[in-house]
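Accompanying notes for the structure given below.
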Amino acid sequence: MPSLFASYLRIYEPLTAFDRERQVFWRRYAKEGRDLGPIEGPVRQRTAVLEALGAGWTRLPDLPDEAYVLEWENSILVCPWNLRLRVAEAALNARDGVPAVLADAFVPPVLAGQAKAVVEDWRSGARVLEQGVPRVHEQIATWGVPLRWFAFVDLEERDIALTGRRRTLRYRTEISKARRRAHRAVSVLRKSLGDAPITEAVEEGTRWLEEFHPRSVVELDYGGLVNLLPEDKLAGDDSPGLVAAGLSALSRGDADAAGEAYEKLVARWRSVQLLERSN
Numbered sequence: 002m003p004s005l006f007a008s009y010l011r012i013y014e015p016l017t018a019f020d021r022e023r024q025v026f027w028r029r030y031a032k033e034g035r036d037l038g039p040i041e042g043p044v045r046q047r048t049a050v051l052e053a054l055g056a057g058w059t060r061l062p063d064l065p066d067e068a069y070v071l072e073w074e075n076s077i078l079v080c081p082w083n084l085r086l087r088v089a090e091a092a093l094n095a096r097d098g099v100p101a102v103l104a105d106a107f108v109p110p111v112l113a114g115q116a117k118a119v120v121e122d123w124r125s126g127a128r129v130l131e132q133g134v135p136r137v138h139e140q141i142a143t144w145g146v147p148l149r150w151f152a153f154v155d156l157e158e159r160d161i162a163l164t165g166r167r168r169t170l171r172y173r174t175e176i177s178k179a180r181r182r183a184h185r186a187v188s189v190l191r192k193s194l195g196d197a198p199i200t201e202a203v204e205e206g207t208r209w210l211e212e213f214h215p216r217s218v219v220e221l222d223y224g225g226l227v228n229l230l231p232e233d234k235l236a237g238d239d240s241p242g243l244v245a246a247g248l249s250a251l252s253r254g255d256a257d258a259a260g261e262a263y264e265k266l267v268a269r270w271r272s273v274q275l276l277e278r279s280n
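Offset between the sequence shown (1-based) and the working numbering: plus 1.
Written out as structure tokens, the structure is:
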């Protein structure tokens, strides 16, 4: 099955980032080869969430622990899926914009209360869950890539494969590099634009990066979007370079150059977003 038309920002953490019980579990999980790759994984995640939500709607189910596994510099790193959180978010999203009577019939208040508690625990970090410190290891965006994500990676870190049936385009970098880039971007944006939405968005992403182990790896994966773009567009994609150029222009006060880079970036990804509305 093809990947969904979504992109992903993932954090792979070393086993030492987890408590001893989790370390044993994830080490065995990786050794047994139970993990799925980032191509098959999104489909499995979506299937698990939909099946969980369709199973009576009386409680949040217990879901198996799954993760992406990455071998990086002779170490094993994992990116847990956090399926229980995904189910809770899906349950709450299903109520959004729906009349109360229908919302209660589709997602009963008892289930909605449980889902809200799970989401608030993960977002606030007020309590330590069974798996350890609450951390969401994967962010998902449909029909495009959030422009702020490109501030965390460098064009030279691109890994692209366009041959065969499984096309991929992703960037991987050490989290220390991603953090430096993120902090620099926030500094430039705050000095140049102040409390603009883009500044706040990058700041939020920067805070998220700070939650993880210093030896983690950041991955920006185009996911199923590679199936929407022709090979020449993928091969020539330089979105991280445009973001870097725009930030550099802002830092030296060249608003025209910054605006030009931004307009190119927006135009490039608007064509993908418009596909969501096509029949």
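Don't be surprised by glycine CBs; every beta carbon is placed ideally from N, CA and C. Just so we're clear, the structure is a prediction, and the values are computed from it rather than from any experiment.
Contact under 8 Å by Cβ, residue i with residue j
i	j	result
I12	H138	yes
R85	L64	yes
L78	S177	no
L10	W150	yes
A89	A116	yes
E212	R159	no
V324	A179	Residue 324 cannot be examined here, being either before or after the span of the chain that is shown, 2 to 280.
A152	V244	yes
V108	A92	yes
L251	V189	yes
V50	R87	yes
A18	H214	yes
G247	A262	yes
V187	T207	yes
From the options, residue whose alpha carbon lies closest to that of residue i
i	options	result
E277	G225, D233, N75	G225
L16	D97, Y30, Y9, F6	Y30
L156	D66, R21, D238	D238
T169	W150, I141, L221, F153	L221
E74	R185, E33, A259, T174	T174
R47	L5, K265, L266	L5
L275	L230, D255, R167	L230
A142	R185, Y223, A162, D196	Y223
P198	V219, V227, C80, L148	L148
R35	R21, L71, F19, V50	L71
D122	D105, R269, N83	N83
E22	P43, D196, A7, D66	D66
W209	G42, F26, Q140, D105	Q140
L270	S249, V227, R253, F26	The residue asked about is misnamed: residue 270 is Trp in this sequence, not Leu. It is V227 whose Cα lies nearest to the Cα of W270.
R28	D196, P81, P43, E52	P81
P241	V146, V119, D105	V146
R166	E205, V120, E232, K32	E232
Residue i burial status per 10 Å Cβ neighbour count (16 or more: buried)
i	result
R181	exposed
S272	exposed
S76	exposed
G260	exposed
R171	buried
A101	exposed
A162	exposed
E264	exposed
T200	buried
L194	exposed
E14	buried
D20	exposed
V25	exposed
E52	exposed
Identity of the residues DSSP links to residue i by a beta bridge
i	result
T48	DSSP, once it has assigned bridges, lists no residue as partnering T48.
R173	E220
T295	This structure cannot settle anything about residue 295, because the visible part of the chain is limited to 2 through 280.
D160	R171
E261	Its beta-bridge partners do not exist; DSSP assigns none.
I12	V219
Any non-hydrogen atom of the ligand GTP closer than 7 Å to residue i Cβ
i	result
A183	In terms of ligand content, the structure shown is empty, and the ligand GTP therefore cannot be addressed.
Where in the segment 66-122 do unbroken runs of the beta strand (DSSP E), each at least 3 residues long, occur, reported from the N-terminal end onward?
68-73, 76-81
In the segment 195-241, which residue ranges form an unbroken alpha helix (DSSP H) of at least 4 residues, counting only runs that do not cross its ends?
198-210, 232-236
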